[in-house]
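Engineer: This is the structure, below, for whatever I ask next.
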Amino acid sequence: MNGKLILHVEDNQYNRKIIRDLLAKNCYEIVEAHNGEAALDLLARRRPDLILMDIQLPKLSGLEITRRIRTDPALAQIPVIAITSFALSGDDRLALEAGCNAYISKPFRPRELMAIIRRFLDS
Numbered sequence: 288m289n290g291k292l293i294l295h296v297e298d299n300q301y302n303r304k305i306i307r308d309l310l311a312k313n314c315y316e317i318v319e320a321h322n323g324e325a326a327l328d329l330l331a332r333r334r335p336d337l338i339l340m341d342i343q344l345p346k347l348s349g350l351e352i353t354r355r356i357r358t359d360p361a362l363a364q365i366p367v368i369a370i371t372s373f374a375l376s377g378d379d380r381l382a383l384e385a386g387c388n389a390y391i392s393k394p395f396r397p398r399e400l401m402a403i404i405r406r407f408l409d410s
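Encoded structure:
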């Protein structure tokens, strides 16, 4: 492990597995939340180095969770990468306006996602 903790917020079990396997292969520690409420509960206990945030989530959207993160001084500096499978024109703008640091749409190339992650964790 490289000591970096990544929180992955994703409601789809298959997508969580893909990301889990990719991050493990690249020696990152990962914690997962299956919805927005679980993510906020987890963030009350742990401070990840980076958050991978699905936008379309049950209960609370990824954008709403990101807005809440940005208003909490203890969490506000954590980079958030928005991930969505419903990439519509303007979604990237909405994600950035909500406070996400970067945006990637599904399906993505593993190499592309890892480059974005490293951009934030290696700086």
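Per the numbering used here: the sequence shown = residues 288 to 410. No residue lacks a Cβ here, since even glycine has one placed at the ideal position from N, Cα and C. Remember, it's a predicted structure, so these values are computed and weren't measured experimentally.
Assuming Leu383 contacts Arg355 under a Cβ cut-off of 8 Å, what Cβ separation, rounded to an integer in Å, is found between them?
Structural biologist: As a working mapping, residue 383 is identified with position 96 in the sequence shown. As a working mapping, residue 355 is identified with position 68 in the sequence shown. Contact flag wrong, Cβ pair sits at about 16 Å.
Engineer: Any chance you could list the beta strand (DSSP E) runs of at least 3 consecutive residues sitting entirely within the region 355–400, in chain order?
Structural biologist: 367–371 and 389–392
Engineer: Which residue comes first and which comes last in the alpha helix (DSSP H) that contains Asp308?
Structural biologist: Locating residue 308 in the sequence shown gives position 21, counting from the first residue. Its alpha helix (DSSP H) spans residues Gln300 to Lys312.
Engineer: In the DSSP assignment, find the alpha helix (DSSP H) that holds Glu324 and state where it starts and stops.
Structural biologist: The residue labelled residue 324 in the question sits at position 37 within the sequence shown. Counting along the chain, the alpha helix (DSSP H) containing Glu324 begins and ends at Gly323 to Arg332.
Engineer: Out of Thr358, Pro394, Pro366 and Glu297, which one is the CA nearest neighbour of Arg406?
Structural biologist: Counting from 1 along the sequence shown, the entry for residue 406 is found at position 119. Out of Thr358, Pro394, Pro366 and Glu297, Pro366 has the C-alpha closest to the C-alpha of Arg406.
Engineer: Using a threshold of 9 Å, state whether the C-beta atoms of Ala315 and Ile293 are closer than that.
Structural biologist: For the purposes of this step, residue 315 is taken as residue 28 along the sequence shown, with counting starting at 1. For the purposes of this step, residue 293 is taken as residue 6 along the sequence shown, with counting starting at 1. The question names Ala, but residue 315 is Tyr in the sequence shown. For Tyr315 and Ile293, yes; Cβs fall inside 9 Å.
Engineer: Under a Cβ-count criterion, where at least 16 other Cβ atoms within 10 Å of its own Cβ denotes burial, should Tyr301 be classed as buried or exposed?
Structural biologist: Against the sequence shown, residue 301 aligns to sequence position 14. So Tyr301 counts as exposed.
Engineer: So, using beta-carbon positions, are Asp298 and Leu339 closer together than 9 Å?
Structural biologist: Start at 1 with the first residue of the sequence shown, and residue 298 comes out as number 11. Start at 1 with the first residue of the sequence shown, and residue 339 comes out as number 52. Cβ atoms of Asp298 and Leu339: not closer than 9 Å.
Engineer: Since Gly386 contacts Arg357 with CB under 8 Å, what's their CB separation in whole angstroms?
Structural biologist: Residue 386 sits at position 99 when you count from the first residue of the sequence shown. Residue 357 sits at position 70 when you count from the first residue of the sequence shown. Under the criterion of beta carbons closer than 8 Å, Gly386 and Arg357 qualify as touching, at roughly 4 Å.
Engineer: Just to confirm my understanding: we take Leu309, look at its own chain, exclude 5 residues before and 5 after, and list those with CB closer than 8 Å. What are they?
Structural biologist: Here the question's residue 309 lines up with position 22 in the sequence shown. Correct list, in chain order: Pro397, Leu400 and Met401.
Engineer: Can you tell me whether Leu347 is helix, strand or coil according to DSSP?
Structural biologist: As a working mapping, residue 347 is identified with position 60 in the sequence shown. DSSP places Leu347 in coil when its eight states are reduced to three.
Engineer: Between Lys312, Asn289, Gly290 and Ile305, which has its C-alpha nearest Ile370's C-alpha?
Structural biologist: The residue given as residue 370 occupies position 83 in the sequence shown. Nearest C-alpha to Ile370: Ile305.
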